[in-house]
Structure formats: structure tokens, C-alpha cells
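Quick note on the working numbering: the sequence shown kicks off at 24 and runs consecutively. In what follows, a structure is listed as C-alpha cells, so that the remarks can point back to it.
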Amino acid sequence: MRYIRYTFLAVLAIALMTVAFANRDTVTLNLLPQELSGFLGWSWSMTLPLFVVIFAGVIAGVLIGFIWEWFREHKIRAEGARHRRERDQLAREVKTLREPKARTGDDVLALIDDAS
Numbered sequence: 024m025r026y027i028r029y030t031f032l033a034v035l036a037i038a039l040m041t042v043a044f045a046n047r048d049t050v051t052l053n054l055l056p057q058e059l060s061g062f063l064g065w066s067w068s069m070t071l072p073l074f075v076v077i078f079a080g081v082i083a084g085v086l087i088g089f090i091w092e093w094f095r096e097h098k099i100r101a102e103g104a105r106h107r108r109e110r111d112q113l114a115r116e117v118k119t120l121r122e123p124k125a126r127t128g129d130d131v132l133a134l135i136d137d138a139s
């Protein structure tokens, strides 16, 4: 299984390097469109190689997906925590019920203690 993982990582690295070498041209990223930046009088732009933009987009998409799923599964995690607390409380209750009660004295008093 280890060799399959290493082979997969090697193929992935080769594919990523191929994409990077094929997209070395620079592109200019603008925060705002030309018309809007002229109207506001403020513009931000950056010149980067295209493969950096592609890889950054993929990484941003994966991170957004992870965060989205974490929020979506909040209900499931909260329900699991509630079940764990309930299980622990029931286990404590069963433990106290299984402990033998010390019977000292009169049987009538022991029956009264058991009833309450």
C-alpha cells in the first residue's frame, strides 16, 4: 500500500509540474474592474505567473469546502456530544444502582429507605 501511495504522489507531482511549466506566462490580477477602479480612484493589481493563480484557486476552493462541511456537520457533532453526555450519565446511574447498599439494623427501616 505504501508503494501505491508513493506512486500516486509521484504522478501527482509530475502532473502539477507539467501544469506549472505550461503556464509560466504572467497575468495581472485586478481587484476591481477598470471602470470601477477609475470611478473610485483606487485600484489594486498584482502580476503573477498563471500557475500560481491556478494553484491558489484550487487551494482556496479546498479550504472553502472544508470550512463549509465543518459548518454543515455542526448539527451531527452537537448530537453526538449530547448522546455522549447522556451515555455517561446513564453509566454513572447504572454504577450507583449496582453498588450494594449497606443494610444495618432493622429490615423495616431498610424497606423504607429503598422506597425513597
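Built from N, CA and C at the ideal position, the CB exists for glycine as well. In this text, all values refer to a predicted model and were calculated from it rather than measured experimentally.
Beta-ladder partner(s) of Val50, from DSSP:
One-based indexing of the sequence shown puts residue 50 at position 27. Leu71, per the DSSP bridge assignment.
- prompt: Secondary structure at Asp129, three-state DSSP: helix, strand or coil?
  reply: Stepping through the sequence shown from its first residue, residue 129 is reached at position 106. Of the three classes helix, strand and coil, the one that applies to Asp129 here is coil, per DSSP.
Original post:
Going by C-alpha distance, which of Leu39, Ala43, Val76 and Ile37 is nearest Thr51?
Top reply: Here residue 51 is taken as the residue at index 28 of the sequence shown, counted from 1. Ranked by Cα distance from Thr51, the first of Leu39, Ala43, Val76 and Ile37 is Val76.
Notebook entry, point to check: Per the contact definition of three or more C-beta pairs closer than 8 Å, is the region 65-81 in contact with the region 99-110?
Noted result: Cβ pair count under 8 Å is below three, so no.
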